[in-house]
Amino acid sequence: MKQNSASHLVFSSEPFTLIYMADEKPAPKPPPKQAAPQAAGAKPPPKQVAVQQKPAVQQAAAQTRVTLSKPKVKIGGGILAQMKAGKESSLENIEERVAGIEGFDEVKMPELFKTFYSTLAPKMTLPRTSYTILKAFANIDVTTEKVAGCLKLNQYYGSQFFKNIASVQKREELPTAEGAVLLLGMQNSRNFIIGMQMLRTVTGAHPEWTKEGKLKTAPNELIKCALKVEEVLAGDKSSYSDTAYAAGVMFDILTLIAMNTVEDKKKISAYIDTVFTHSLLAAKIGKELARNMPDFSFTKYIFAACLIHDIGKVMLAIMNPQYYQYVEEVGKKGLPRIIRHYAEGKQYGVNHALLGGLACNFYKIFKPIDKAILYHHEPYLLRTANKGMFQLASMVCLATNMATSFKKVDRGDDPVLLQWKGPEIRDFRIDNRAIISATQKAV
1449 MKQNSASHLV FSSEPFTLIY MADEKPAPKP PPKQAAPQAA GAKPPPKQVA VQQKPAVQQA
1509 AAQTRVTLSK PKVKIGGGIL AQMKAGKESS LENIEERVAG IEGFDEVKMP ELFKTFYSTL
1569 APKMTLPRTS YTILKAFANI DVTTEKVAGC LKLNQYYGSQ FFKNIASVQK REELPTAEGA
1629 VLLLGMQNSR NFIIGMQMLR TVTGAHPEWT KEGKLKTAPN ELIKCALKVE EVLAGDKSSY
1689 SDTAYAAGVM FDILTLIAMN TVEDKKKISA YIDTVFTHSL LAAKIGKELA RNMPDFSFTK
1749 YIFAACLIHD IGKVMLAIMN PQYYQYVEEV GKKGLPRIIR HYAEGKQYGV NHALLGGLAC
1809 NFYKIFKPID KAILYHHEPY LLRTANKGMF QLASMVCLAT NMATSFKKVD RGDDPVLLQW
1869 KGPEIRDFRI DNRAIISATQ KAV
């Protein structure tokens, strides 16, 4: 496309690039020189041989490049340098203004936060094989082929699994992976993989076998909380059981960590049992509450979310032995839950809700609900951000309030209902009849 004016537009072969070409007019020719008059009798000047010169190379036309928005389109180096310099200047200005605020101090990372990342987080990160099999069981259509596929992902644990199969059956010929899963059972196969990989991840130990070919540490001894949850939901035909099992495994992992790191094993074991018992009651209540909310979008996760909502308390107790004393003193004062939550953050630099939300990210299975765990004492902060997550966080908050001072209610004017529906969930709409029904069926 050309124009008749002194400039023209050229479409480049590069995508979305428009080049403006400015035409340069040739310089006007100088007028011919007039010969100077010669004096009388003067000889004419000798003729000079004209030396043919190469034509001057025409300079490239000036180009102004206009680039439309498109990712990964290169811009001239000069523009990038200007943008970088402007950004650095802006940041320096902001830093000077912030540093000039009276009383401003640089915030330091709390020590417990560092301890969590260095000691607990790596051990709570699910290995690929465990994550895959828990993910497979989280779907209703789990099959022996999927479980066998999880075994094939890791040759080491696959060999350990077949070694266990050899001790169970009497035949010399080992079955295929699918046949081995059928022989042992899908749930027992899952328990074996989870238990053995948890032992390896947390303690670094390999499975030990007796002379008779039996495991010295049975997998079921390592996943007691997960099996307890599965037992509670055995008669409940719903999609809660598999995600609930995964939530129970979180308690089992922390229990194994505590038994290998904490000096007072009796005290930490008793505290984990206390938190687990309270959380299990909250999970039962949350499950019943969800049944009375037809528009609830996190039905699959409600039991698990209520079960792990206080998992951060277990982590605080593992990292700081003084946490037991703090819990006892605050409990004696009878402070409201929201005040206790604030005081915990001021005392330790982090609170149990923050640690619980972080643990969900490392555990991966519960990454979709990490915000509900993080804000289960402050669900109102999610009201405008995510309706479904606001509902889940509010349900967890209500369920744990009910579990803390649980009683069966049969009247809509019972004062305990106002206590359970505290100010932190005043924007959450739920009928009192749903709460009353949950108290009748949760136990």
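Heads up: the sequence shown begins at 1449 in my numbering, then just goes up one per residue. Backbone N, C-alpha and C define an ideal beta-carbon position, used for all residues, glycine too.
Item to check | Nearest to P1667 (by Cα), restricted to the options S1689, K1659, C1673 and M1644 | outcome: M1644
Item to check | E1626 - containing alpha helix (DSSP H), residue span | outcome: A1625 to L1632
Checklist entry - Per DSSP, which one or two residues make a beta bridge with L1647? => result Partner residues in a beta bridge of L1647, as assigned by DSSP, do not exist.
Item to check | Every unbroken alpha helix (DSSP H) inside the stretch 1564-1631 [4 residues or more] | outcome: 1569-1572, 1576-1585, 1592-1601 and 1603-1616
Checklist entry - Among N1768, T1577 and L1632, which residue has its Cα nearest to the Cα of L1568? => result N1768
Checklist entry - Quick one: Cα of Y1565 to Cα of E1679, how far? => result 33 Å
Checklist entry - Alpha carbon to alpha carbon, how far is A1841 from H1757? => result 10 Å
Checklist entry - Closer than 8 Å, CB to CB, is F1564 near chain D or not? => result Looking at the structure shown, chain D is missing, and only one protein chain is on hand.
Next on the checklist: I'd like to know whether the C-beta atoms of A1851 and A1730 end up nearer to each other than 8 Å.
Outcome noted: yes
Item to check | Same chain, Cβ closer than 7 Å to A1488, five either side skipped, listed in chain order | outcome: Summary for A1488: the model assigns pLDDT 48, below 50, so the residue's position carries little reliability; its value from the coordinates is reported in the next sentence. So the list is empty, once near-sequence residues are dropped.
Item to check | Closest by C-alpha distance to G1860, when choosing among L1631, N1880 and L1783 | outcome: N1880
Next on the checklist: With distance defined between alpha-carbon atoms, name the residue in H1824, N1849, V1891 and G1804 nearest to K1856.
Outcome noted: V1891
Item to check | Extent of the continuous alpha helix (DSSP H) run through G1860 | outcome: Taken as a continuous stretch (DSSP letters only), G1860 belongs to no alpha helix (DSSP H), as it is neither H nor E.
Checklist entry - What separation, rounded to the nearest whole angstrom, lies between the Cα atoms of L1663 and N1636? => result 14 Å
Next on the checklist: Using 8 Å as the threshold, is the C-beta distance between V1629 and T1592 below it?
Outcome noted: yes
Checklist entry - Alpha carbon to alpha carbon, what distance is there between T1725 and Y1749? => result Rounded to whole angstroms, the separation of the alpha carbons of T1725 and Y1749 is 19 Å.
Item to check | L1663 - DSSP class collapsed to helix/strand/coil | outcome: strand
Item to check | Given T1580 as reference, the closest of L1647, A1694 and M1837 once Cα atoms are compared | outcome: A1694
Next on the checklist: DSSP has W1868 in a bridge; who is on the other side?
Outcome noted: Paired residue(s): none; W1868 is not in a bridge.
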